[in-house]
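See below for the structure under consideration.
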Amino acid sequence: MPFTDYSQVVKIMSRRTGCRDKAQSLIQEAIARLLKQGKRQSSNPEKQVNRALILKTANNLFVDLYRREKICQFTPLPDEESSIYELPHLDPETTLIAQQELAQLEKCIASLPEKCREAFILYKFKCLSQTQIAEHMQISQSMVEKHLLKAMSRCREILLKE
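Sequential numbering from 0 applies to the sequence shown in numbering that gives the first Met the number 0.
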């Protein structure tokens with residue numbers, strides 16, 4: 000029996016994706032993949048293409064697309080020539096204060112014990128979760144929490160001294 004529920008599948012996927020064109024594109028790709036796979040497995044591939052299978056495949060394609068889009072979102076870095084210390088949109092006094100605070104924070108981070116510093120950098124700059132940090136450093140999650148608390152307390156002290 001050939002597939003006849005195309006409009007229903009489009010409605011379902013349109014609600015899921017929020018875009019009818021994207022839904023149609025995903026469904027088309029899902030059907031093409033299923034037909035291609037069916038040709039390898041059977042002499043009559045159309046029998047293997049049904050609504051549930053198309054929806055499942057299209058949904059998987061949507062999840063893959065969402066993950067790719069999420070990964071590909073980034074903030075461009077400044078030119079190599081510009082320094083991270085340059086803040087051209089601020090007045091000179093504010094820029095100087097920001098540079099001094101940044102230098103103090105750099106010293107503070109550098110002065111942290113090795114494991115504490117590593118946990119802090121992985122958490123704040125590499126955006127790893129505490130669980131991921133614990134696995135990476137081969138320590139308990141409780142120890143990661145202690146390292147992060149210590150590092151953040153020291154950084155906060157430095158900033159509040161002003």
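Just so it is clear, CB atoms sit at the ideal spot from N, CA and C, and this is done for glycine as well.
Could you spell out where the alpha helix (DSSP H) holding Phe119 opens and where it closes?
-> Looking at the DSSP string, the run of the alpha helix (DSSP H) that includes Phe119 is 113-123.
Is Leu54 closer than 7 Å to Val9 when the C-beta atoms are compared?
-> Not a contact, by the Cβ cut-off of 7 Å.
For Ala57, is the classification buried or exposed, using 16 other Cβ atoms within 10 angstroms of its Cβ as the cut-off for buried?
-> Ala57 should be labelled buried.
Span of the alpha helix (DSSP H) around Gln98 = Segment 91-110, the alpha helix (DSSP H) holding Gln98.
Local Cβ density within 10 Å of Thr93, reported as buried at 16 or more and exposed below that = Here Thr93 is exposed, its C-beta having fewer than 16 other C-beta atoms within 10 Å.
Can you give me the Cβ contacts of Arg178 inside the same chain, cut-off strictly under 8 Å, excluding the 5 residues immediately before and after it?
-> Nothing can be reported for residue 178, as the shown portion of the chain is limited to 0 through 161.
Beta-carbon proximity list for Arg116, same chain, < 8 Å, skipping 5 on both sides | Scanning its chain for C-beta atoms nearer than 8 Å, with the 5 sequence neighbours on each side dropped, one finds around Arg116 the residues Ile108, Ala109, Ala150, in chain order.
From this set, Ala118, Lys123, Cys154, which residue's C-alpha is nearest Leu101's C-alpha?
-> Cα-wise, what sits closest to Leu101 is Cys154.
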